[in-house]
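With full-length UniProt numbering, letter number 159 in the sequence shown gets 159, and the count goes up by one each step, no holes.
Yeah, the Cβ is synthetic: ideal placement off N, Cα and C, and Gly gets one too.
One structure is given here, and the rest of the page talks about it.
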Amino acid sequence: MSLRILGGTARGRSLKVPDSARPSGARIRKSLFDLLAARAPEGTFMDLHGGSGAIGLEAASRGYAVTLVEQDSRAVKALETNARALDLRVRIIRGESQKLLPRLGSFDLVFSDPPYETDIPTLTAQLLGSEIVAAGGLLICQHPDRLKLPEYPGYAREVREYGSNSLTLYEREETDKVADA
1 MSLRILGGTA
11 RGRSLKVPDS
21 ARPSGARIRK
31 SLFDLLAARA
41 PEGTFMDLHG
51 GSGAIGLEAA
61 SRGYAVTLVE
71 QDSRAVKALE
81 TNARALDLRV
91 RIIRGESQKL
101 LPRLGSFDLV
111 FSDPPYETDI
121 PTLTAQLLGS
131 EIVAAGGLLI
141 CQHPDRLKLP
151 EYPGYAREVR
161 EYGSNSLTLY
171 EREETDKVAD
181 A
């Protein structure tokens, strides 16, 4: 299976997709990056479940500083090969995102599309309760449309529907500025 990068410096170029991956379709990727172009056209981008690289490498092609986490060794190899072939600079971390969470740092944009056997509401609550999303940043969760993710204190939530998939966006509130004394 192969798919193409939709925009940026690698636009139109193909990605080799490992059998273990379940890439996001072109419609949802285009919609996601159109939305980001309007709301957050630059910054640091974390793809917590790198898989095929369809999202993370697309983000790198569009100029974001990208980190991808992936636990499957075949997918890690494909990500490295694709990044090299497309001349995209990305940081790839092999491991399970939930276990690595305390050490990953904060990012302006965090994308989470775990394998569907994952408990997505629990993972989402864990992400929202961590410091992975920088103040003013955005957590984007891709999930089946039948699954509804809850509100979370300190975040504004928005849901976008795309056929059988949804994107739930959580925008983290800016931190309060300390008044000068």
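On a CA-only basis, which of the options is nearest residue i? Give me that one, please.
i	options	result
aspartate 47	Arg91, Asn82, Thr175, Glu173	Arg91
threonine 168	Thr175, Tyr162, Glu174, Glu158	Glu158
leucine 123	Pro150, Asp145, Ile93	Pro150
alanine 40	Arg94, Arg160, Ile132, Gly137	Gly137
alanine 85	Ile93, Ser14, Pro114	Ser14
glutamine 142	Tyr170, Ala135, Leu3	Tyr170
phenylalanine 33	Leu101, Lys99, Ser73, Val110	Val110
alanine 54	Ala37, Lys99, Ala26	Ala26
arginine 89	Thr118, Ala59, Leu35	Ala59
Hey, residue i and residue j: beta-carbon distance below 8 Å or not?
i	j	result
aspartate 12	serine 61	Strictly speaking, residue 12 in this sequence is glycine, with aspartate absent from that position. Taking 8 Å as the Cβ cut-off, glycine 12 and serine 61 do not qualify as a contacting pair.
alanine 75	phenylalanine 45	no
serine 24	valine 69	no
tyrosine 162	isoleucine 5	no
glycine 43	aspartate 87	no
tyrosine 155	glutamate 173	yes
aspartate 145	histidine 49	no
valine 133	serine 106	yes
threonine 81	alanine 135	no
According to DSSP, what are the bridge partners of residue i?
i	result
proline 115	Note: proline 115 sits in no beta bridge, so no partner.
alanine 156	Glu171
leucine 15	Leu3
State the CB to CB distance for the pair residue i and residue j, rounded to an integer number of angstroms; the pair is presumed to be in contact (CB under 8 Å).
i	j	result
isoleucine 120	leucine 147	6 Å
alanine 83	leucine 104	That pair is no contact at about 19 Å.
serine 52	alanine 21	4 Å
alanine 78	lysine 30	That belief does not hold up - the Cβ atoms of alanine 78 and lysine 30 are roughly 22 Å apart, past 8 Å.
glutamine 71	glycine 95	6 Å
leucine 101	serine 130	5 Å
Legend entry - Entirely enclosed beta strand (DSSP E) segments - the region 22-102, minimum 3 residues: Within the region 22-102, the runs of beta strand (DSSP E) that reach at least 3 residues and sit entirely inside it are, in chain order, 44-47, 65-70, 90-94.
Legend entry - Complete runs of the alpha helix (DSSP H) confined to the region 120-154 [at least 4 residues]: Runs found: 120-128.
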